[in-house]
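Protein chains in written order, with our numbering: chain A, 1 to 214; chain B, 1001 to 1539.
Working notes, beginning with the structure itself.
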Amino acid sequence: MRSAALVFLLATAAAAPLHAQTTTVAEPGGLSIRPYAALSMQRFAADATFDAIFGSATGALPGGGVLVTRRRLFVEVEASRFRRNGERAFASDEDGFGVGIPLTVTITPIEITAGYRFRQQRFSLTPYVGAGLGVYRYREESPAAEPGEDVSATHAGWVMMAGAERQLHRYLAVSADLRYTHVPGILGQGGLSEAVGESNLGGLAIRFRFIVLR
Amino acid sequence: MLRSSYSLGVLTVGLALSTFGRGTGGGQAAGRTVTLERTVHALQRGIIPAEGQSPDSLERKRRDGLQRIVSSDRGAAAGAAYVPGRVLVKFKDDAPSSARTLAVSAASARARATRATLSATRPSHANFDTLAIGELDDPEAVANALRQRTEVEYAQAAYRVRRRFVPDDRYYPLQWNLPLIDLERAWDLQPAAGSTKIVAVLDTGIAFADATIGVHAYAFVDGDGIAYPALGDLTLRFVAAPELGSSSRFVDPYDFIWNDNAPVDMDGHGTHVAGTIGQLTNNGSAGGDSANGGGTAGVAFNVKIMPVKVLDGPWDIIFGSPYEGTDDTVARGIRYATDRGAHVINMSLGRTGPPSPVVEDAIRYAVGRGTFVAIAGGNGYEDGNAVEVLAEIASRVPGAVSVAAVTRDRQRAYYSTTGSYIELAAPGGAFDSQGAKGGILQQTLDLDLVDRFLLPPSQFSAPRFDALAYYYFTGTSQATPHVSGLAAMLMQQGVGSPAAVEAALEQVAIDLGPPGRDPTFGYGLVSARAALRGLGLAR
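Now the structure itself:
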C-alpha cells in the first residue's frame, strides 16, 4: 500500500498546474481512439518468490491497447504478457535456492483503466491519472508436472497509475507512467509464495507507450 | 546404535559385557592384523522375506497407479493419456491410396474432426501412418471411426508411454518404506540418485571389503553374570556385501574403534543402515546379487559411501578394541568425515544424559563446512522418553536434523522418542501389529552366525562375518538413512548448503499428527519427490 500511496502522490504532484502556458496540442473535443504499443518494467510485489525462482523480481511486460479519449477523460484497454523461465525453488531464511527443475510462468493481464487528463503542462506534457480493474491470467508449467500439478488460474485485480504524455509528431505521442497493480488470489495459497508469505501477483511498474494519433 | 530389534524372534539384547584385556582409549591397545583383499566371496545365506507382497496392499496400488503425464497430454477414457493432434493408423496392405483417403475423410467427418491429414511420409521404423487432426479433436473418437472402416487394420490414439522406474530388485516389493516417501517418482526426477555425492555412515562399520583379520577373543562375563571362555587367537574372514557395490564405491574408510582403515562391521547395524542409504538398485536382472535377484533397493543408490566406524559392537569388545563408542569417538568421526569431503553424515546413533559439547562442536564444524547431518531421534519412548542428547543438538543447528520413526501406516512407531527437538519423520517400521514385514528390509550380516555370544557358554563359538542375509530391522536408526539419502539427492540437484537442504525437507514434509510442527513427527514425513521437485510460485 505504501507503493500505491507513492503513485498517488506522484500523480497529484504531476497534475498540479505550474503556470499558464501555451497549448500546442488542442485537447480533442470529440471522441478519439488511439492504438498504442506498451512496454512495462515491473517490480513484482512478491519479490522474494520471484527472486528465488527467476533470480530477479523485475520483469518486462510487452503489450498493446487502445486509448479512448473524450475531452479530458480517457479509457484505455490493454493486454500485456509476462513470460519467463526459471527453476523451482525453496526458501531458507532470507535466501531462495533453486533445485534445477525448470519452470515457466506466463502472466497475461487484461486491464481497463479510466482516468483524467490534465491540461497540458510545460514541455508539452499532458499529465494524467487513472485507475481500473484487470483480469490476470496466470499459468505455471513445469516439464516434470503430473496432472493437476501445473497451475492455470485467473483472478481479478486493480490498477492505479499516473504519468504524462508528450506529442512527438503529428501522428505519434509517447507516454511514461507509474502503475501499481494489486492481484490477490493467485499467489499465497501454495508453493513458494505461501512459504514466504507473499500473496500479491502485481507490483509497481514503469510503463512506456508509443501512441498513434489520428 | 538405535536399532530396536530384528527379526527371527531375536531381540536385541543390551549386552553388558565386562571384558578382560580391553584397552581404554589410547591406553594399551589390543592388536589385530588386517588383510584387505578381494578374493573371497560372500556366503549368501538366509533369505528372510519369502512371501510376496499382498496384491491389495496400498503400496502395490500406488505403484500400479503411478502416472507420469506431461502437461500437454489429455486424459483418455480408460485413464490413460494421449498426445493431442494425432492418430496412429495402419491400413491393410491391399487398400489403395484412394480408399485410404476416403476412409480418412469419412472417419474424420463421423468423429467431427476439424481436420484430418495423412502424413505424406511414413515415420522411420514404422509400418503405420500418422494422421494429423486438430488439437482439440478427439483422437480416440477418430480412431474408433477409422476402425469401422474395412480398409483399416487398426487405429489408435498416440497414448503417452512414460518411464516408470520401479526397481526390479527381488525384494523391492517388500520395501514399503521407499514408496511411502514417494521415492519412485523422485527417482524419475533424478535417475542419477546422488551419483556425485558422498555419504559418511558413522556406525558399527560396514561390510565394505573382503578381508582376513587376526584377533584375540578374550574371556568375558555377560550382563547376567555368565562367564564365557576365551576363544584365543582367531583368524576371521570378512566379506563385502555384494549389494553395496564394488570397492570403488567406498571412499576413505576409517575405523575409530580400532584406529585403522578397516572399518568392517562386526555387528550388522552399520551394513543395514548403509544399505538403506545406498543399496545397489534395479540390478535384479543385471547380475548384482545373483542369488537374490538384486536383493533390495536403497534411497540414493549411486552415492559413494564413506564407512566411518565409531560404534563398537559386542565382538569389538570381546576382541579388546582399543577405543569405544563414546562422545569423543563420534566427534572425531564427524570431523574426519567432514575433512574427507563427505556431503552428508548419517548418525544412526545417540544417547541420553548430560549434554555433549564435544559432539555439538563437531556437528557445527561439519555443517559450517557444508556437510549435512542426520541424527536418529531415539528409540526410548517406552523407556521414559528421555531427551536424546545428540538429536537435540541437531534441532539447534540449521543443517542438522533429528529424525523420528513412523510405521507403514504413517503412525508413530511405538518406540520413537518424542520431544520438541524432533524435526522430521521417516520410515523406521515396527513389528508390533504387522509382524516382521513392518520393519525395514536390507541386507546385512547373517546374525545367526554373528551373535554367538547370545548362546549359552557351552555353544559359544567364533563368529562368522562372511555370510549375509536380508533382515527386517526397526528403529530410528532405520529412519535416519532415508533422510540422509534424500539429502544427498537434494545436494546432487544443486542445493548446496546444509541449512537449505534442511529447509527443503521440512517445507515439503507431509504434516502428520496435529497441524504444524509437533513433538512426534516434527515437520512431518519426508517426501522425496516433493523435495526434489521444489516449489513453484503458486504450487
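C-beta atoms are modelled at their ideal positions from N, C-alpha and C, and glycine is treated no differently.
These numbers come from a predicted model, not from an experiment.
{"query": "In chain order, which beta strand (DSSP E) runs of at least 3 residues are fully inside the stretch 1133-1214 of chain B?", "result": "1152-1159 and 1198-1203"}
{"query": "What separation, rounded to the nearest whole angstrom, lies between the Cα atoms of E1243 of chain B and R1112 of chain B?", "result": "57 Å"}
{"query": "Listed in chain order, which residues of the stretch 55-67 of chain A have Cβ atoms closer than 8 Å to some Cβ of chain B?", "result": "none"}
{"query": "With 16 other CB atoms within 10 Å as the buried threshold, where does Y1381 of chain B fall?", "result": "buried"}
{"query": "Within its chain, find whatever has a CB closer than 7 Å to the CB of L1180 of chain B; leave out the 5 residues flanking it on each side and keep chain order.", "result": "R1408 and P1427"}
{"query": "Do we get a CB-CB distance below 7 Å when we pair R1533 of chain B with the residues of chain A?", "result": "yes"}
{"query": "Is L10 of chain A helix, strand or coil by DSSP?", "result": "Residue confidence is low: L10 of chain A scores 40 on pLDDT, short of 50, so the model does not pin down where it sits. No coordinate-derived value is stated."}
{"query": "I want to verify the contact list: residues of chain E whose CB lies under 8 Å from the CB of T49 of chain A, in sequence order.", "result": "The structure shown contains no chain E; its protein chains are A and B."}
{"query": "Whole-angstrom Cβ separation of V159 of chain A and T113 of chain A, contact assumed at under 8 Å?", "result": "6 Å"}
{"query": "Which of helix, strand or coil does DSSP assign to F1238 of chain B?", "result": "strand"}
{"query": "Apart from the five residues just before and just after A11 of chain A, which ones in its own chain have a Cβ nearer than 7 Å to its Cβ?", "result": "Note on A11 of chain A: pLDDT 41, under 50, position unreliable in the model; the coordinate value appears next. Only V129 and A162 meet the Cβ criterion."}
{"query": "Of all the options A:G134, A:S32 and A:R170, which has the alpha carbon lying nearest to the alpha carbon of T69 of chain A?", "result": "A:S32"}
{"query": "For D1138 of chain B, count neighbouring C-beta atoms within 10 Å of its own C-beta (all shown protein chains included) and say buried if the count is 16 or more, exposed if not.", "result": "buried"}
{"query": "Quick check on H1482 of chain B: does DSSP put it in helix, strand or coil?", "result": "helix"}
{"query": "Alpha carbon to alpha carbon, what distance is there between M41 of chain A and A153 of chain A?", "result": "23 Å"}
{"query": "Just to confirm, is the Cβ distance from G86 of chain A to L61 of chain A under 7 Å?", "result": "no"}
{"query": "Any C-beta of chain A sitting closer than 7 Å to the C-beta of L1189 of chain B?", "result": "yes"}
{"query": "CB R1237 of chain B to CB T1212 of chain B, shorter than 7 Å?", "result": "yes"}
{"query": "Do you know how far the Cα of G1031 of chain B is from the Cα of P1481 of chain B?", "result": "32 Å"}
{"query": "Give the single residue among B:S1497, B:I1226, B:I1363 and B:A1120 whose Cα lies nearest to the Cα of G98 of chain A.", "result": "B:S1497"}
{"query": "Using a cut-off of 7 Å between C-beta atoms, extract the partners of G190 of chain A located in chain B.", "result": "A1538 and R1539"}
{"query": "Within the 7 Å Cβ cut-off, does A1487 of chain B reach chain A?", "result": "no"}
{"query": "Would you mind working out which of B:G1134, B:T1101 and B:T1121 sits nearest R1149 of chain B, comparing C-alpha positions?", "result": "B:T1101"}
{"query": "Please confirm if A1499 of chain B has its CB atom under 7 Å from at least one CB of chain A.", "result": "yes"}
{"query": "Mind listing the chain A neighbours of V1495 of chain B? Cutoff is C-beta to C-beta under 7 Å, in chain order.", "result": "F97 and V99"}
{"query": "Which residue or residues does DSSP assign as beta-bridge partners of S40 of chain A?", "result": "A:L61 and A:R207"}
{"query": "Tell me which residues share the same chain as A1500 of chain B and place their Cβ nearer than 6 Å to its Cβ, disregarding the 5 neighbours each side in the sequence.", "result": "none"}
{"query": "So what does DSSP say about A195 of chain A, is it helix, strand or coil?", "result": "helix"}
{"query": "Can you give me the start and stop residues for the alpha helix (DSSP H) that Y138 of chain A sits inside?", "result": "First-last for Y138 of chain A: L125 to E141, but that is the beta strand (DSSP E), not the alpha helix (DSSP H)."}
{"query": "How would you label K1092 of chain B, buried or exposed, when you count the other beta carbons within 10 angstroms and need 16 or more for buried?", "result": "exposed"}
{"query": "Is the stretch 1434-1445 of chain B close to the stretch 1389-1397 of chain B, with three or more CB pairs under 8 Å?", "result": "no"}
{"query": "Could you check the C-alpha separation between G1025 of chain B and G1524 of chain B for me, to the nearest Å?", "result": "Its pLDDT being 34, under 50, G1025 of chain B is placed unreliably by the model, and the measurement read from it follows with that caveat. If you take the alpha carbons of G1025 of chain B and G1524 of chain B, they lie about 40 Å apart."}
{"query": "Among residues of its own chain, excluding the 5 on either side of F1128 of chain B, which ones have a beta-carbon nearer than 7 Å to its beta-carbon?", "result": "L1088, V1089 and K1090"}
{"query": "Is the stretch 1466-1477 of chain B close to the stretch 1249-1267 of chain B, with three or more CB pairs under 8 Å?", "result": "no"}
{"query": "Can the beta-carbon of V1303 of chain B be found less than 7 Å from the beta-carbon of G1194 of chain B?", "result": "yes"}
{"query": "Just tell me which of B:E1360, B:T1114, B:G1341 and B:A1300 has its CA closest to the CA of D1327 of chain B.", "result": "B:E1360"}
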